[in-house]
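Comments concern the structure below.
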C-alpha cells in the first residue's frame with residue numbers, strides 16, 4: 001500500500017527560523033509542502049521518512065532566506081497493480097460503488113467489476129448483488145459503512161494545476177462551474193474477470209475468477225442471522241470444478257418472512273459466490 | 001526550478017506496520033515539542049497522520065513488531081513467494097485458503113492444498129490477530145463453552 005519515494009527539492013528557510021536546527025526546519029517545511037497532497041504520477045504523500053543528504057545552503061541577493069537542496073525520502077500511498085485492499089463503502093452512484101480508506105477517498109468500483117448480477121436500486125441509491133440460490137435471488141445490498149475487499153486494477157492521475165484563462169466566450173464560461181476532478185483515482189474490482197482455465201484439478205477456473213471476499217468471518221446473513229447453508233455453498237463451490245458441483249448445497253433453513261419489504265436484506269456486506 | 005521533484009518513485013515497499021510505527025513515533029515527537037502543531041501549515045500533516053493511523057490501527061498490523069516481521073519473512077523463505085505477495089500476507093494476515101488464492105497469483109498452479117494449509121498455519125501462528133478478529137474469537141469461545149455444557 002505504501003512506498004518510499006526518493007525526492008529532491010530546494011527548501012527555503014526564512015531568516016526568523018535560523019535559530020532552529022536546520023534539519024527540523026527542513027523537515028517541517030517538507031511536511032508542510034507535501035503531506036496529504038497528491039504528487040502527479042507518484043501518489044498521495046503521507047509524511048517524511050528521512051533526509052538522506054543536505055547540500056550547501058545558499059542565500060540569494062534580494063532574499064534574506066536560505067535555500068537548501070535536500071535529498072529525502074517520503075512515505076507515499078501508492079498501491080501496486082492487483083493489490084488487495086480493504087475499505088469502507090462511502091456511497092453508491094450509477095457510476096459504481098465509491099469506497100474510502102479514511103485517508104484516501106477516490107476509489108471507484110465500476111458496475112461491470114462488481115459481483116454479477118448486480119443492479120442499481122434507484123430508490124435507495126445503492127448497488128445490489130442478486131445472489132442466486134435454489135430458493136431464488138437473495139439481494140445483498142452494498143450499504144454505506146460496510147467493509148469491502150477489492151483489487152486495484154487501474155489508477156489515473158490528473159494534473160490539476162491551475163491553467164490560464166480559457167479563450168472561450170465570457171458568457172458560457174461564467175455559467176459553467178469547473179468540474180472538480182480527483183487528482184489521483186483508483187479503479188478497482190470486486191469480481192475478478194480472469195477467465196484462464198487452469199490445469200484439471202481441484203480449483204479450475206473456466207469462467208470469471210474468484211470474487212473478492214468481504215471478510216471470511218462474516219457469514220452470509222439474512223434477517224434470520226448468519227446463514228450456515230449459504231456459507232456452506234460458497235465453500236463447496238470453491239472446491240469443485242467449474243463444470244458443476246457434485247454436491248448439492250443444503251437449502252436455506254430459515255424461512256424468509258414475506259411481510260417485511262426488506263425480506264432478503266443482508267445487514268453485512270455481500271459475500272461471494274465463487275464462479276470458478 | 002530544477003525539474004522533477006522525485007528521483008525514484010519506487011525506492012522501496014513499506015509494510016503497513018512500518019508506516020504505523022513511523023506515524024506513531026512522529027505523533028509522540030510532535031506531542032512533546034508542543035508549540036506549533038495547530039498552525040495552518042501543519043493541518044495537512046495532522047489530518048493525514050490521524051486518518052492513516054486510524055486506518056492501520058484497525059488492521060492486524062498494529063500488534064506486529066520488528067521481531068515478528070523478521071520471523072515471518074524467515075519462515076516465508078521456503079514458500080517461494082514474490083515480494084508483493086509476502087507483503088500482502090503480512091498486511092492482511094489471511095486465515096482462509098480463499099484469501100491466499102486471491103493474494104498469490106496462479107496459486108492453483110504453484111501451491112498444492114497442503115502447501116496452502118502450511119502457509120495459512122505459518123501466517124496465523126506467527127502474525128498476531130487483528131483487533132476485530134480478537135473480538136470475534138472471544139464471542140466464539142463463549143459460544144463453544146455453551147455448547148459443551150449440556151453433557
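Residue numbers (UniProt numbering), protein chains in the order written: chain S, 1 to 276; chain E, 1 to 151. All C-beta atoms in this analysis are idealised placements derived from N, C-alpha and C, irrespective of residue type, glycine included. None of these values were measured; they are calculated from a predicted model.
Residue-level contact to chain E via CB, residue 12/S, 8 Å cutoff:
no
Contacts around residue 181/S, its chain only, beta-carbon distance under 7 Å, and the 5 residues preceding and following it disregarded:
158, 160
Out of 189/S, 111/S, 185/S, which one is the CA nearest neighbour of residue 44/S?
185/S
List the residues of chain S whose Cβ lies closer than 8 Å to the Cβ of residue 8/E, in chain order.
5, 6
Could you pull out every residue in the same chain whose Cβ sits closer than 6 Å to the Cβ of residue 110/S, ignoring the five residues on either side in sequence?
Once the five neighbours on either side are set aside, the close Cβ partners of residue 110/S are 96.
Close Cβ partners of residue 66/S (< 6 Å) along its chain, the five nearest in sequence each way excluded
Contacts found: 13, 57, 59.
Taking just the CA atoms, how far does residue 41/E sit from residue 51/E?
One C-alpha to the other measures close to 17 Å.
Buried versus exposed, by CB contacts within 10 Å (16 or more), residue 201/S
Unreliable placement is indicated for residue 201/S, whose pLDDT of 25 sits below 50; the coordinate value is still reported in the next sentence. Exposed: under 16 other Cβ atoms inside 10 Å.
Sufficient close CB pairs (3 or more, under 8 Å) joining the segment 115-124 of chain E to the segment 87-101 of chain E
yes
Taking residue 90/S and residue 144/S to be in contact with their CB atoms under 8 Å, please state how far apart those CB atoms are, rounded to whole angstroms.
7 Å
Could you spell out the range, first to last residue, of the alpha helix (DSSP H) harbouring residue 75/E?
Going by DSSP, residue 75/E is part of the alpha helix (DSSP H) stretching over 66-76.
I need the boundaries of the alpha helix (DSSP H) containing residue 27/S, first residue and last residue.
22-34
Out of curiosity, what's the CA-to-CA distance linking residue 105/S and residue 88/S?
10 Å
Helix, strand or coil: how does DSSP classify residue 68/S here?
strand
Compute the beta-carbon to beta-carbon distance between residue 88/E and residue 103/E, rounded to the nearest angstrom, for a pair I have assumed lies under 8 Å.
4 Å
Residue range of the alpha helix (DSSP H) that residue 110/E falls in?
107-110
Going along chain S in order, which residues have a C-beta closer than 8 Å to the C-beta of residue 22/E?
47, 49, 75
On the DSSP letters alone, give me the boundaries of the beta strand (DSSP E) that residue 12/S sits inside.
Note, residue 12/S: beta strand (DSSP E), 2-13.
By the three-class DSSP mapping on this structure, what secondary structure does residue 78/S have?
The three-state reading of DSSP puts residue 78/S in coil, since its state is none of H, G, I, E or B.
Quick check on residue 238/S: buried or exposed, where buried means 16 or more other Cβ atoms within 10 Å of its Cβ?
Its pLDDT being 40, under 50, residue 238/S is placed unreliably in this model, and the value from its coordinates should be taken loosely. Burial call: buried.
Can you find a CB in chain E that lies within less than 8 Å of the CB of residue 37/S?
yes
Just how far apart, CA to CA, sit residue 114/S and residue 189/S?
6 Å
Out of 90/E, 73/E, 108/E, which has the shortest C-alpha to C-alpha gap to residue 130/E?
90/E
Could you name the residues of the same chain whose beta carbon sits closer than 8 Å to that of residue 116/E, not counting the 5 residues immediately before and after it, in chain order?
Exclusion of the five residues before and after residue 116/E leaves 97, 100, 101, 107 as the residues of its chain whose Cβ lies within less than 8 Å of its Cβ.
Distance between beta carbons of residue 74/S and residue 22/S, contact taken as under 8 Å
Wrong, their Cβ atoms sit about 18 Å apart, outside the cutoff.
Strictly below 8 Å CB to CB, what residues from chain S border residue 119/E?
Neighbours of residue 119/E on chain S: none; closest Cβ ~15 Å, over 8 Å.
In three-state DSSP terms, what is residue 19/S?
Look at residue 19/S here: in three-state DSSP terms it is coil, with no helix or strand label.
Residue 53/E by DSSP, collapsed to three states: which one?
Residue 53/E: helix per DSSP, three-state reduction.
Nearest to residue 48/S (by Cα), restricted to the options 59/E, 18/E, 57/E
18/E
Does the CB of residue 64/E have a neighbour CB from chain S at under 8 Å?
Among the CB atoms of chain S, none fall inside 8 Å of the CB of residue 64/E.
Let me check you understand the geometry: is the CB of residue 150/S closer than 7 Å to at least one non-hydrogen atom of the ligand SAH?
Looking for the ligand SAH in the displayed structure turns up nothing, as the structure carries no ligands at all.
Assuming residue 7/E contacts residue 6/S (C-beta within less than 8 Å), just tell me the rounded distance between them.
4 Å
Residue 86/S (DSSP reduced to helix, strand or coil)
strand
Quick one, are the C-beta atoms of residue 12/E and residue 4/S less than 8 Å apart?
yes
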